[in-house]
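Following this note's numbering, the numbering of the sequence shown begins with 7 at its first residue and continues without gaps.
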Amino acid sequence: MRDLSNDNVVHVKGKNCEYLQFRRLLEYNGVLKHAYGLKPDNYRTKGKNLTEEDFNKAVNSYKNLCESIGVDYKNLVKPTQNHTNTIKCVSTLEGYVLGKDNKYMDTDGLVTNQAEIVLGTSNADCILLMFFDPVKMVIANVHSGWRGTFQKIAINAVDKMVKEYGCNPKDIICCICPSIRKCHFEVEKDVRDMCEEIFRYTNQIDNIIEYAGNKEGTEKWYIDTVMINKIMLKDAGLLEKNIVDSGICSICNSDLIHSYRVEGKGYGLCTAVVSMKANVIL
Ligand SMILES: [Zn+2]
7 MRDLSNDNVV HVKGKNCEYL QFRRLLEYNG VLKHAYGLKP DNYRTKGKNL TEEDFNKAVN
67 SYKNLCESIG VDYKNLVKPT QNHTNTIKCV STLEGYVLGK DNKYMDTDGL VTNQAEIVLG
127 TSNADCILLM FFDPVKMVIA NVHSGWRGTF QKIAINAVDK MVKEYGCNPK DIICCICPSI
187 RKCHFEVEKD VRDMCEEIFR YTNQIDNIIE YAGNKEGTEK WYIDTVMINK IMLKDAGLLE
247 KNIVDSGICS ICNSDLIHSY RVEGKGYGLC TAVVSMKANV IL
């Protein structure tokens, strides 16, 4: 069996599911629980052709993943995700929030300082960012596809942590889950131009965008959306050592990770879940 473990992540092969964990976050395993759920599970809970059976299967996958890391799936809160840059706070334990109709519509990131709440996001090529501030005990979970990246949702997440919970950006750890990477994120001129327009200010456009050539009559470029997120996180005040990248491409590893570009219509989803445990006072 293939293993995706590297310097930053551990590939866990559990009884009921496989998942990745960040070595950096495992240092806080007493108070912080997290996982990035892999194939063969499919964590899709909404979509046009999703049957009730598919939904129930996804819920069961969440149940297995949450149980594996010692959190209660009934406390899972997952926004609908719609390529926005909207971050919302989850302030009380409200139970299970999943599927197409929920109060976190048109929301792509959640933040909380409450223990036991499980924040979830899902992806198939998009970037998922897991945030943890071990000083203020605040977590965030953010979906940053290219549209969210272009709308700078990562900065909104840090802003929310600072403004709502008094976090110092220097304390915040951000882990970048598997996603499509520059090796495979090929775009046409419209997206390339949009990217240059928005991120010219970084003075790193030549590293972010690379010409991929003329393919069957269409000019293509590669874009490094992971690098853009890293630049934004640093600009937001995070320390370089606190930005931890899984370094894993969803397309290069599509046997273990769901990919929209590989699977096409009816594609499955991986998930990131993160939750804090109540402090046990001895
Ligand atoms: Zn790749």
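Ideal Cβ positions, reconstructed from N, Cα and C, are used throughout, including at glycine.
| Check | Outcome |
| --- | --- |
| Neighbourhood of K52 by C-beta distance below 7 Å, restricted to the same chain and skipping five residues each side | T86, G105 and K106 |
| Proximity test, H190 beta-carbon vs ligand 1 heavy atom, cut-off 7 Å | yes |
| Any 3 or more C-beta pairs closer than 8 Å across the region 262-275 and the region 124-135 | yes |
| When S11, P46, N108 and C255 are compared against C23, the one with the closest alpha-carbon | P46 |
| Length of the line joining the Cα atoms of H264 and L245 | 30 Å |
| C183 Cβ short of 7 Å to ligand 1 heavy atom set | no |
| Of the listed residues I145, L32 and N259, nearest to K189 (C-alpha basis) | The amino acid occupying residue 189 in the given sequence is Cys; Lys does not appear at that position. Nearest option by C-alpha distance: N259. |
| Ligand 1 heavy atom lying under 7 Å from the CB of C95 | no |
| Close-in-space but distant-in-sequence residues of the same chain around I204 (CB under 6 Å, 5 per side omitted) | F156 |
| Beta-carbon spacing of I211, C255 below 8 Å | no |
| Residue closest to Y171, alpha-carbon to alpha-carbon, out of I159, G20, M143 and Y110 | M143 |
| Heavy atom of ligand 2 within 7 Å of I257 beta-carbon | Ligand 2 is absent from the structure shown, which contains only ligand 1. |
| Chain-order list of residues whose beta-carbon lies under 7 Å from that of D241 (same chain, five-residue window excluded) | none |
| Proximity of L44 and V280 at Cβ, strictly below 8 Å | no |
| Residue of N147, F138 and T208 minimising C-alpha distance to K176 | F138 |
| Contacts around N220, its chain only, beta-carbon distance under 8 Å, and the 5 residues preceding and following it disregarded | K226 |
| Distance cut-off 7 Å: R187 Cβ against heavy atoms of ligand 1 | yes |
| Given Y49 as reference, the closest of Y34, N35, Y25 and K39 once Cα atoms are compared | Y25 |
| N248 classed as buried or exposed, judged by whether at least 16 other C-beta atoms fall within 10 angstroms | buried |
| L32 classed as buried or exposed, judged by whether at least 16 other C-beta atoms fall within 10 angstroms | exposed |
| Euclidean distance between Cα positions of D261 and A121 | 34 Å |
| 8 Å contact criterion, which I179 and V250 should meet: CB distance rounded | 7 Å |
| F28 to S74 span [Cα, whole Å] | 15 Å |
| Residue environment, S11, which counts as buried when at least 16 other CB atoms sit within 10 Å | exposed |
| Best match in R153, K236, T208 and I161 for proximity to C181 [C-alpha to C-alpha] | K236 |
| Option nearest V232 by Cα separation, candidates A284, N209, W152 and Y110 | W152 |
| 8 Å Cβ shell around V18 - same chain, five flanking residues per side excluded | E24, Y25, L26, Q27, A41 and S74 |
| CB of N162 within 8 Å of CB of I123, strictly | no |
| Proximity of P184 and S252 at Cβ, strictly below 8 Å | yes |
| Where the beta strand (DSSP E) through T127 begins and ends | V124 to N129 |
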